[in-house]
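The next block holds one structure in the form of C-alpha cells; read it before the comments.
In the working numbering, the protein residues as written are 11 to 272.
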C-alpha cells in the first residue's frame, strides 16, 4: 500500500482531513507555522490526535478473524495522525510487491473484461464510509459488474489467510453503501492468489458479521483506549515503537516446560 510521503496515511483517502492533501500543500504548513514532521518531546515525535477517528480496512481484518488480539495497535492508528508518530523501520520490498501485484491485477482484469463485465480498478474504487464513531476507508483492487450483479476482488501475492477473505467481506459490506453507482447491486467476492482463488458468497456478509464489524469499529473509534496485548508474535509485525508503546515486546522466547502426564 502506498502512503503519503508527508503524513504516512494511505494515499487513497482525500476527504475532510487536512493532512490528506498535504502532498499538494507542503508550503502551507510553513505558512501557518505548523511543522508536523518536527513536533517532538524529549527527542521523540508526539502522536497528534486526529480530528475524527479514521480506520483503514486492513487494520480490522486480523482482529476480526482472531489472528491478532491487540486492539490497541489499531486503536492508536485510528486515533492519531499517521505522520505524527515514530515507526519501526520496515524491511518489506515495496517495489517488488508493487510490480507483482500490478501484473496479477492486470491479468484478472483482462479475464473479467473478456467476460464482458464492466471493471473498475484500484484508485477508481477508493471510498470513505462515515459513521457516528469513525470513518472507514478502503480500496478494493477490482470491482466488476454486469447489470445488477457484481463481484469484488482482491489480489494477494502472499500466503492465503482468513484475514484476506474478511477484507473482501468488509468491501462487500461497504461498497454498495458508499459508492453511488453500486447502490442496489448484490455483490459476491473473491480473493485471487497466484495459484488459486477463493470465492465468497454474498450471504457471507450476514447480520452477525455486520454486528461484529460495527462493534470493533465502535471500540476503535472510542475515546477509551482499547485492550493492549503485547506479545512477540504481534509486536514483530507492528510498526508502533516503544516511544508510544513502552510495553512493545522486541525479543524473547516461548516458555517451555516438562511433564510426565503424557
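C-beta: ideal position from N, C-alpha, C; glycine also.
Residue j and residue i - do their beta-carbons sit closer together than 8 Å?
{"i": "residue 257", "j": "residue 238", "result": "yes"}
{"i": "residue 180", "j": "residue 152", "result": "no"}
{"i": "residue 65", "j": "residue 189", "result": "no"}
{"i": "residue 139", "j": "residue 187", "result": "yes"}
{"i": "residue 301", "j": "residue 74", "result": "Because the chain in this structure spans residues 11 to 272, residue 301 falls outside the shown range and cannot be described."}
{"i": "residue 220", "j": "residue 95", "result": "no"}
{"i": "residue 77", "j": "residue 184", "result": "no"}
{"i": "residue 118", "j": "residue 163", "result": "yes"}
{"i": "residue 195", "j": "residue 158", "result": "yes"}
Run the CB neighbour count on residue i, radius 10 Å, all protein chains shown included, and call it buried at 16 or more, exposed below.
{"i": "residue 87", "result": "buried"}
{"i": "residue 142", "result": "exposed"}
{"i": "residue 31", "result": "Any answer about residue 31 is weak, because its pLDDT of 41 lies below 50 and its placement is not dependable; what the coordinates show is given next. Residue 31 should be labelled exposed."}
{"i": "residue 40", "result": "Reliability fails at residue 40, whose pLDDT of 35 lies under 50, so the model's placement of it is uncertain and no value is given."}
{"i": "residue 149", "result": "buried"}
{"i": "residue 213", "result": "exposed"}
{"i": "residue 267", "result": "exposed"}
{"i": "residue 182", "result": "buried"}
{"i": "residue 223", "result": "buried"}
{"i": "residue 57", "result": "buried"}
Mind checking which residues open and close the alpha helix (DSSP H) that includes residue i?
{"i": "residue 119", "result": "104 to 124"}
{"i": "residue 86", "result": "81 to 89"}
{"i": "residue 75", "result": "68 to 75"}
{"i": "residue 231", "result": "217 to 231"}
Identify, in the order they occur along the chain, each residue of the same chain with its Cβ nearer than 8 Å to the Cβ of residue i, setting aside the five sequence neighbours on each side.
{"i": "residue 126", "result": "156"}
{"i": "residue 123", "result": "129"}
{"i": "residue 269", "result": "none"}
{"i": "residue 284", "result": "The structure shown does not extend to residue 284, since the chain is modelled only from 11 to 272, so the question has no answer here."}
{"i": "residue 84", "result": "65, 69, 70, 73, 230 and 236"}
{"i": "residue 209", "result": "198, 199 and 200"}
{"i": "residue 271", "result": "none"}
{"i": "residue 178", "result": "150, 162, 163, 164, 199, 200, 201 and 210"}
Beta-carbon within less than 6 Å of residue i's beta-carbon, same chain only, minus the 5 sequence neighbours each way: which residues are those?
{"i": "residue 154", "result": "122, 127, 129 and 161"}
{"i": "residue 228", "result": "143"}
{"i": "residue 252", "result": "258"}
{"i": "residue 233", "result": "none"}
To which residues of the same chain is residue i closer than 7 Å at the C-beta, ignoring the five residues directly before and after it?
{"i": "residue 60", "result": "89, 90 and 91"}
{"i": "residue 111", "result": "165 and 167"}
{"i": "residue 175", "result": "201, 208 and 210"}
Assuming residue i is part of the beta strand (DSSP E), what are its boundary residues?
{"i": "residue 207", "result": "207 to 210"}
**Message:** As an exercise, report each continuous alpha helix (DSSP H) stretch of at least 4 residues that is fully enclosed by the stretch 120 to 204, in chain order.
**Reply:** 172 to 188
**Request:** Report the residue ranges of all alpha helix (DSSP H) runs contained in full by the stretch 240 to 272; include only those spanning at least 4 residues, in chain order.
**Result:** 242 to 245
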